[in-house]
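Residue numbering for the sequence shown follows our numbering, beginning at 81 and increasing consecutively. Idealized CB from N, CA, C, for every residue including glycine. For clarity, every value in this text was computed on a predicted model and none was experimentally measured. Accompanying notes for the structure given below.
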Amino acid sequence: MPRAVGLLIAFLLGFWANLAQVATLRLYLGLFYGTEIHLGLFLGLWLAGVSAGGALAGWRPWTTRAVLAMMGLAPVAVLAVAVAGLLAMPAQSGTFLPTLPVVLFLAAVVLPLAIPVGMVLPAILRDSGAELGRAYGVEALGGFAGGALLSWGLGGTAPAALTLAVLPVVPLTAWLAGVRVGRLLPGLLAVVWAPLVAWGFPGLAQAWEARVWEHFHPGYRLADTLETPYQRIQVGEYQGQRSLYANGTFAAAWPDAARAEERAHAFMTVLPDPRRVLILGVPTPDLVAEFLKYRGVEVTVADLDTMVLRYLLGEQGGGSPGAESRPGLDPIPGHGATASGKSGWPAGGFPRTHPGSDLRGNGCSSPSAGLPSPSSAWSGGSGTLSSPTTLPAGGDSRESDRPGRLLPAPFVLREEDPRAFVRDHPGAFDGILVLPADPTTLVGNRLFTREAFAEMAAALATGGVLCVSVAGAENYLGPELETVILSTHRALVPSFAEVFAVPGEQISFWAARTPGVLATDPQVLGARLEARGIPTGSFLPLSFSNLLQPFRVDEVQGWLRRDVEVADNTDAHPRAFLRQLLLWDIFSGSQMSTAIRGAERLGMGVALPLLLGAALLLGLALWLSGPRRGRIGLLAAGVAVSGGGGLLAEIILLLMYQSRQGAMFQMVALFFGLYMLGLSTGAHLGRAWGFATPGRLRVLKVSQFGMVAACLALLRFPAWHTGPVIGAAVFLVAFLDGIEFPAVDAILKGWGMAPGRSAGLLIFSDNFGALWVGLASGIWLLPVLGMPGSLYLLAAALLLNVLGLLGFPLPLNRKGHFPGLGSEASLSHKGN
81 MPRAVGLLIA
91 FLLGFWANLA
101 QVATLRLYLG
111 LFYGTEIHLG
121 LFLGLWLAGV
131 SAGGALAGWR
141 PWTTRAVLAM
151 MGLAPVAVLA
161 VAVAGLLAMP
171 AQSGTFLPTL
181 PVVLFLAAVV
191 LPLAIPVGMV
201 LPAILRDSGA
211 ELGRAYGVEA
221 LGGFAGGALL
231 SWGLGGTAPA
241 ALTLAVLPVV
251 PLTAWLAGVR
261 VGRLLPGLLA
271 VVWAPLVAWG
281 FPGLAQAWEA
291 RVWEHFHPGY
301 RLADTLETPY
311 QRIQVGEYQG
321 QRSLYANGTF
331 AAAWPDAARA
341 EERAHAFMTV
351 LPDPRRVLIL
361 GVPTPDLVAE
371 FLKYRGVEVT
381 VADLDTMVLR
391 YLLGEQGGGS
401 PGAESRPGLD
411 PIPGHGATAS
421 GKSGWPAGGF
431 PRTHPGSDLR
441 GNGCSSPSAG
451 LPSPSSAWSG
461 GSGTLSSPTT
471 LPAGGDSRES
481 DRPGRLLPAP
491 FVLREEDPRA
501 FVRDHPGAFD
511 GILVLPADPT
521 TLVGNRLFTR
531 EAFAEMAAAL
541 ATGGVLCVSV
551 AGAENYLGPE
561 LETVILSTHR
571 ALVPSFAEVF
581 AVPGEQISFW
591 AARTPGVLAT
601 DPQVLGARLE
611 ARGIPTGSFL
621 PLSFSNLLQP
631 FRVDEVQGWL
641 RRDVEVADNT
651 DAHPRAFLRQ
661 LLLWDIFSGS
671 QMSTAIRGAE
681 RLGMGVALPL
691 LLGAALLLGL
701 ALWLSGPRRG
711 RIGLLAAGVA
721 VSGGGGLLAE
731 IILLLMYQSR
741 QGAMFQMVAL
751 FFGLYMLGLS
761 TGAHLGRAWG
771 FATPGRLRVL
781 KVSQFGMVAA
791 CLALLRFPAW
801 HTGPVIGAAV
811 FLVAFLDGIE
821 FPAVDAILKG
831 WGMAPGRSAG
841 LLIFSDNFGA
851 LWVGLASGIW
861 LLPVLGMPGS
871 LYLLAAALLL
881 NVLGLLGFPL
891 PLNRKGHFPG
901 LGSEASLSHK
911 GN
């Protein structure tokens with residue numbers, strides 16, 4: 081195979097690898113609830129597959145033709161395995177799935193795609209004779225192209241299953257370019273495959289989805305599926321009643337008139353003079369209807385995924401902004417188009433029938449997982465909303481003309497990140513209602529941190545009030561719920577002069593900027609509600625006497641006064657999320673509480689001695705293995721440290737962006753691509769600069785301390801957490817990793833190691849280090865050590881690596897370089 085053809089194949093397969101990784105992640109997170117544990121499992125299994133592929137290719141020669149065949153068959157096989165695996169899972173309607181079947185399912189869909197990725201470079205090297213550094217650089221450019229296509233060309237909304245179904249076109253094209261025999265069938269398939277998928281796959285995907293839905297939700301009919309840029313929405317129907325599921329998890333049911341009235345009118349009544357009110361999150365139609373009863377009050381809803389609200393109001397997809405809708409409790413039959421083109425809600429209401437409890441309180445949660453958009457698990461997506469959109473209020477004109485009917489107020493819809501929106505509107509609102517209840521993921525946690533509450537306080541007018549809720553009844557709080565409530569309360573106190581806990585099915589907090597604003601007397605609040613003349617069915621002025629019974633209030637206050645140590649919940653150290661992992665473990669029956677509590681005890685005081693002990697044991701093992709094997713092992717260990725450190729720094733940088741800018745869904749593929757581009761650039765410059773000398777290799781390792789210092793500095797300046805700055809930092813992390821590998825590869829070659837075997841060893845080492853970081857990131861590194869602690873631990877690992885290299889002897893030639901530097905360079909196949 082000519083070298084130029086080998087480089088072309090490397091580019092195409094790098095493109096394939098990025099698309100396969102992101103599509104599989106979207107498929108996975110679109111099917112399951114997806115805490116950061118599940119994200120870590122995905123990263124760990126993907127990197128384990130790439131590592132295994134590198135080891136396999138280094139141990140036994142594989143041809144490019146064999147690898148292309150594997151990459152062509154794998155996406156189709158994964159789709160079939162996904163359907164069969166889902167149908168084999170236990171159907172547990174109303175509860176979370178335990179971890180073991182989810183892990184087995186994930187392994188079945190990830191490993192067939194990831195293993196060939198690790199085998200690509202060794203195979204191309206053997207068949208084409210191309211230099212490894214150049215081949216990987218071109219492959220990394222292909223990965224960047226795939227990320228750019230997903231982020232810019234497709235807007236982050238490429239259907240996951242459809243993307244996987246089309247992927248065989250890429251290796252088929254590569255086959256035509258690089259294989260001289262047996263081209264007829266691959267050529268025909270390359271021409272007809274994409275049109276064939278476009279023609280037949282949508283119907284097949286709908287049939288699969290209906291079958292999987294029936295398995296997990298027996299007795300419910302799948303009424304509609306809505307794909308947004310942020311999550312996958314399904315609506316189930318049971319005897320004319322409907323429930324909404326986001327990414328496979330129950331999110332809301334409506335109408336629930338009693339709860340909607342209590343949520344809306346208790347909040348509005350505590351506001352002394354509401355004129356402008358902000359809702360963070362997506363409310364259900366019955367909650368919208370209650371807010372629209374307030375004349376002269378401008379109600380603004382801020383959320384990234386406003387398509388869900390448009391769907392709930394019967395205006396999904398391409399409905400024109402401002403088109404009339406009827407969000408009340410008696411929808412017009414056939415009004416509006418749904419995601420599938422069907423008519424809107426039937427006449428009458430749909431009470432809650434789902435066996436689980438709605439922890440979100442008349443609100444659909446924002447995207448749940450912290451990374452790429454789980455936007456399209458089976459079928460195609462929809463367009464996005466313009467921003468802002470003003471929706472008419474109060475139902476149709478016939479209703480508003482009735483005697484005693486209040487005139488509607490404007491209802492403004494803003495497609496923006498909630499935290500970014502409040503930062504941009506200081507002192508603008510008389511009240512802010514946070515709909516998502518509980519920091520169930522790191523994404524959700526960003527609305528419950530000390531920094532988030534400070535931003536919300538700044539967005540309130542002088543007499544403004546914030547309302548935020550967490551799950552838990554005042555008469556029973558286990559240690560998990562207790563610490564979540566205490567964490568929320570203590571995060572509120574620094575930014576608000578008054579904080580009052582309201583008992584109930586959800587414990588709500590009313591927080592005022594200035595003292596003397598909060599009215600907590602039931603008689604005062606009841607009189608205020610009665611004076612405003614808001615028509616209600618179940619929530620009456622006397623309801624405040626029941627809601628604020630003295631013994632219930634005292635019980636909540638007793639919990640808040642308890643002397644329990646609770647760490648601050650901040651953007652850089654999301655402590656509250658750890659408590660949610662324990663609750664998830666209880667609900668799912670995964671029996672991981674021992675591991676989670678054990679991880680919680682591994683603070684820096686324990687982690688640093690463990691790291692030192694592991695380094696000493698590794699050093700002893702390398703010393704006993706002999707000079708040659710010991711040196712090879714030391715270099716491989718350094719590559720593993722760089723691989724794990726690079727992934728950790730990348731995760732932290734992405735979470736910085738997410739905490740400041742909101743969900744990163746559309747940007748994540750681009751960030752992955754920038755990482756690949758950094759590896760490619762570092763590899764080329766590393767070859768040119770000749771880092772295969774003892775001094776330069778040590779300088780490179782020391783320079784990685786600068787990368788850690790830059791990340792720590794970024795943590796202190798949230799205003800810098802913009803797309804260009806974070807993208808540049810991601811590129812820098814990968815650039816330093818990329819420089820190291822040509823030097824290590826040159827050293828290994830100089831000791832007589834074959835290029836393919838050297839590539840396999842480096843791919844294995846790099847991804848082996850990264851997979852453990854991926855597994856530990858969600859359960860230990862981020863919630864326990866936090867972002868700063870994780871970076872300090874990385875700095876300690878780099879220091880130990882430098883100390884190991886101080887006495888490292890490299891035989892040099894007369895020019896001061898190790899023989900073989902100019903011929904081939906090695907890179908890790910990380911990220912894809």
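Check: Stretch pair the region 243-252 + the region 91-100: three plus CB contacts closer than 8 Å; Outcome: yes
Check: Proximity of L916 and A652 at Cβ, strictly below 8 Å; Outcome: Any answer about residue 916 is impossible in this case: the structure gives the chain only from 81 up to 912.
Check: Contact under 8 Å by Cβ, L572 with A591; Outcome: yes
Check: Nonlocal neighbours in the same chain, by C-beta distance under 6 Å from R608, ignoring five residues either side; Outcome: T349
Check: 7 Å CB neighbourhood of R83 in its chain, flanking five on each side removed; Outcome: S208, G209 and A210
Check: CA-to-CA distance, F844 to G726, given in whole angstroms; Outcome: 15 Å
Check: Distance, I827 Cα to P282 Cα; Outcome: 52 Å
Check: Burial state of P506 (16 or more Cβ within 10 Å); Outcome: exposed
Check: Cβ pair L384, D497 closer than 8 Å; Outcome: yes
Check: Selection from S323, L88, P192 and L107 that minimises the alpha carbon distance to A132; Outcome: P192
Check: Integer Cβ distance of G138 from G836, believed to fall under 8 Å; Outcome: 6 Å
Check: A539 versus F797 - alpha carbon distance; Outcome: 20 Å
Check: Classification of N649 by the beta-carbon crowding that lies within 10 angstroms, buried from 16 upward; Outcome: buried
Check: Contacting residues, own chain, Cβ-Cβ under 7 Å from F785 (five flanking each side not counted); Outcome: A875 and L878
Check: S783 (DSSP reduced to helix, strand or coil); Outcome: helix
Check: 6 Å CB neighbourhood of E219 in its chain, flanking five on each side removed; Outcome: A90 and G94
Check: N525 burial status per 10 Å Cβ neighbour count (16 or more: buried); Outcome: buried
Check: Spatial neighbours of D504 in its chain, beta-carbon cut-off 6 Å, leaving aside the 5 residues before and after; Outcome: none
Check: Beta-carbon contacts of A790 that lie in its chain and below 8 Å, excluding the five residues immediately before and after; Outcome: A809 and L812
Check: Rounded C-alpha distance that separates A344 from L598; Outcome: 17 Å
Check: Beta carbon of A729 nearer than 8 Å to that of L865; Outcome: no
Check: Buried versus exposed, by CB contacts within 10 Å (16 or more), W288; Outcome: buried
Check: Beta-carbon contacts of R740 that lie in its chain and below 6 Å, excluding the five residues immediately before and after; Outcome: P798 and H801
Check: Collapsed DSSP secondary structure at I587 in the structure displayed; Outcome: strand
Check: Residues of its chain near F533, where Cβ-Cβ distance is below 6 Å and the 5 sequence neighbours each way are ignored; Outcome: A571, L572 and S575
Check: Buried or exposed by the 16-neighbour rule on C-beta atoms within 10 Å, applied to G685; Outcome: exposed
Check: Residues that S549 bridges to, as DSSP identifies them; Outcome: S588
Check: Between the CA atoms of E562 and G124 - distance to the nearest angstrom; Outcome: 32 Å
Check: Spatial neighbours of G299 in its chain, beta-carbon cut-off 7 Å, leaving aside the 5 residues before and after; Outcome: Y318
Check: Coarse secondary structure for F491, derived from DSSP in three states; Outcome: strand
Check: Supposed contact pair L205 and A215 - C-beta distance, whole angstroms, cut 8 Å; Outcome: 7 Å
Check: Where T542 falls, given that 16 or more other Cβ within 10 Å makes a residue buried; Outcome: exposed
Check: CA nearest to the CA of V189, picked from V158, V362 and R499; Outcome: V158
Check: With 16 other Cβ atoms within 10 Å as the buried cut-off, status of S567; Outcome: buried
Check: Nearest-angstrom Cβ-Cβ length linking V550 and Q586, presumed shorter than 8 Å; Outcome: 7 Å
Check: Collapsed DSSP secondary structure at Q918 in the structure displayed; Outcome: Because the chain is modelled from 81 through 912, residue 918 falls outside the range shown and cannot be assessed.
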